[in-house]
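Encoded as structure tokens, the structure appears first; notes follow it.
2 protein chains.
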Amino acid sequence: MDEKARKYVDMFRQVKIASAATVDIEGHPHSRIINIMISSDEGMYIVTSKGKPFYEQLVQTGEIALSAMCPECQSLKFTGKVKMVGKEWLEKVFEDNPGMKEVYPGETRMILDAFLIYEGYGEWFDLLHHPINRESFSYGMEEEKAGFQIQDSCFGCGACIKVCPQGCISEGTPCHIQSEHCLQCGACREVCPVEAVLKLHVTVHSQA
Amino acid sequence: MDEKARKYVDMFRQVKIASAATVDIEGHPHSRIINIMISSDEGMYIVTSKGKPFYEQLVQTGEIALSAMCPECQSLKFTGKVKMVGKEWLEKVFEDNPGMKEVYPGETRMILDAFLIYEGYGEWFDLLHHPINRESFSYGMEEEKAGFQIQDSCFGCGACIKVCPQGCISEGTPCHIQSEHCLQCGACREVCPVEAVLKLHVTVHSQA
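First to last, the protein sequences are chains A and B.
The first sequence begins at 1 in UniProt numbering and counts up one residue at a time.
The second sequence begins at 1 in UniProt numbering and counts up one residue at a time.
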């Protein structure tokens with residue numbers, strides 16, 4: 001994991017309270033509040049108990065998405081893969097998270113299993129300061145960025161500049177989007193008379 | 001919408017900051033922080049802009065899941081259906097949420113669309129006080145509860161009572177789970193010698 005990814009993985013752990021999204025066997029989305037119990041160079045560790053739909057969905061799909069709100073109102077999001085790890089991780093989780101033994105006292109913790117989120121990609125986003133700011137990160141895989149890009153077919157008419165809510169497009173031929181300050185709202189693409197604004201989709205490449 | 005559902009829908013609006021989970025066209029989960037802009041007897045209103053994967057996923061699937069953390073550490077979760085509503089809702093959203101015009105000044109708001117979460121089921125959960133507490137709610141559909149139930153084949157051995165992390169099972173033939181105080185961890189089901197503990201799955205019935 002590179003330094004940037006480690007910074008955001010540690011930020012998830014620091015915030016601790018996150019929402020975890022999963023997909024059930026019929027393809028419906030589900031979300032619930034969880035705790036990020038440990039962060040390390042391997043990824044993020046969470047726990048859940050065998051009786052919960054969350055547990056079932058993690059095992060069935062091997063996939064999870066997270067989002068969290070940082071204390072100063074920046075947000076984090078993440079999409080990645082998850083696998084169960086050994087019961088020995090419960091001890092470390094309970095050491096680092098003292099509140100857990102109130103909920104699962106004594107041996108009752110054995111109904112829990114620990115899961116490692118071992119790869120994925122995410123983004124930190126600050127919507128409250130001007131200019132708005134975003135930074136993406138990934139680990140265990142390479143990720144190509146989402147957002148919008150203005151191609152060479154742009155003839156510099158500036159229609160996009162007028163509709164950009166954040167004023168993050170600068171004049172030129174082609175005009176240029178400052179992607180780190182972009183809302184990714186798509187207004188520029190809607191108004192471009194020559195369809196020069198390309199919508200980028202996140203594409204991921206496993207490093208394995 | 002009944003009074004109980006309205007209470008929790010209003011709680012989502014009051015907390016305002018929620019995580020929204022969706023499923024993309026390939027079946028992967030995604031999550032991001034959003035705002036609940038309006039709550040009413042029709043449901044919850046959110047907005048997003050046309051260029052975002054979130055918008056695309058809402059339109060493609062018509063489904064959303066939410067979770068949120070209340071100020072006193074109770075959590076909310078919700079799974080439901082969503083549909084786009086008219087641009088006239090943007091005006092109401094911007095009236096009720098003054099911060100929106102900083103992000104989308106003037107006419108730039110027209111890249112947004114409003115969506116109504118018109119039916120679904122959810123749960124409020126308090127893990128921090130003892131006994132832990134949960135309450136479910138739904139609107140636009142009827143929902144049968146998840147969790148665990150001890151059936152008549154129980155002969156009262158009490159094995160489940162010993163492993164319950166929350167002490168929410170009382171003696172009897174059959175033993176009885178106080179479902180509002182249950183973690184839904186499934187420990188009781190694992191130890192029952194006669195498989196008397198039934199795992200309930202949420203089943204929903206549309207009212208339409």
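Virtual Cβ for every residue (Gly too), placed ideally from N, Cα, C.
Computed from a prediction, not measured in an experiment: that's the story for all the values here.
Measuring only between beta-carbons, confirm whether residue i sits less than 8 Å from chain A.
i, result
"Leu183/B", "yes"
"Thr203/B", "no"
"Glu143/B", "no"
"Arg32/B", "yes"
"His28/B", "yes"
"Lys52/B", "yes"
"Lys87/B", "no"
For chain B, is any of its Cβ atoms less than 8 Å away from the one on residue i?
i, result
"Thr22/A", "yes"
"Lys92/A", "no"
"residue 219/A", "Here chain A comprises residues numbered 1 to 208, so residue 219/A is not present and cannot be evaluated."
"Phe148/A", "yes"
"Ser49/A", "yes"
"Glu190/A", "yes"
"Gly186/A", "yes"
"Glu63/A", "yes"
"Val194/A", "no"
"Ile111/A", "yes"
"Tyr121/A", "no"
"Val103/A", "yes"
Can you name, in chain order, every residue of its own chain whose Cβ lies under 6 Å from the Cβ of residue i, other than the five neighbours on each side?
i, result
"Cys182/A", "Gly147, Cys168"
"Asn35/A", "Lys16"
"Lys77/B", "Ser67, Gly122, Glu123"
Using C-beta distances below 7 Å, list every residue in its chain close to residue i, excluding the 5 sequence neighbours before and after it, in chain order.
i, result
"Ala114/B", "Tyr45, Val47, Val85, Trp89, Leu90, Val93"
DSSP state of residue i, grouped into three classes?
i, result
"Ala187/B", "helix"
"Lys92/B", "helix"
"Pro29/A", "strand"
"Ser153/B", "coil"
"Val202/A", "coil"
"Ala18/B", "strand"
"His130/A", "coil"
"Lys81/A", "strand"
"Val103/A", "helix"
"Thr48/A", "strand"
"Ile177/A", "strand"
"Val59/B", "helix"
"Val194/A", "coil"
"Ala146/B", "coil"
"Met69/A", "strand"
"Met1/B", "coil"
"Met141/B", "strand"
Is the Cβ-Cβ distance between residue i and residue j less than 8 Å?
i, j, result
"Pro165/A", "Pro105/B", "yes"
"Ala5/A", "Phe12/A", "no"
"Gln184/A", "Gly51/B", "yes"
"Arg189/B", "Val202/B", "no"
"Asp10/A", "Ser39/A", "yes"
"Gly27/B", "Val23/A", "yes"
"residue 211/A", "Leu127/B", "Not covered by the structure: residue 211/A. The range shown for chain A is 1 to 208."
"Ala154/B", "Pro174/B", "Looking at the sequence provided, one finds Cys at residue 154/B rather than Ala. Yes. Within cutoff."
"Glu135/B", "Glu180/B", "yes"
"Ser49/A", "Gly43/B", "no"
"Ile33/A", "Ser138/B", "no"
"Glu142/A", "Val59/A", "no"
Decide if residue i is buried, meaning its Cβ has at least 16 other Cβ atoms within 10 Å, or exposed.
i, result
"Cys160/A", "buried"
"Val98/A", "Here residue 98/A is Pro; the residue named in the question, Val, does not match the sequence. It counts as exposed."
"Ser206/B", "exposed"
"Gln178/B", "exposed"
Could you name the residues of the same chain whose beta carbon sits closer than 8 Å to that of residue i, not counting the 5 residues immediately before and after it, in chain order?
i, result
"Arg109/A", "Leu90, Phe94, Met100, Lys101"
"Glu171/A", "Gly156, Gly158, Ile161"
"Gln81/B", "A small fix is needed here, since residue 81/B is Lys in this sequence, not Gln. Counting only Cβ-Cβ distances below 8 Å, and skipping sequence neighbours, we find Gly62, Glu63, Ile64, Ile117, Tyr118, Glu119, Gly120, Gly140."
"Leu200/B", "Glu144, Lys145, Ala146, Gly147, Phe148, Gln149"
"Ala21/B", "Pro29, His30, Ser31, Ile64, Ala65, Leu66, Ser67"
"Val163/A", "Ala187, Cys188, Glu190, Val191"
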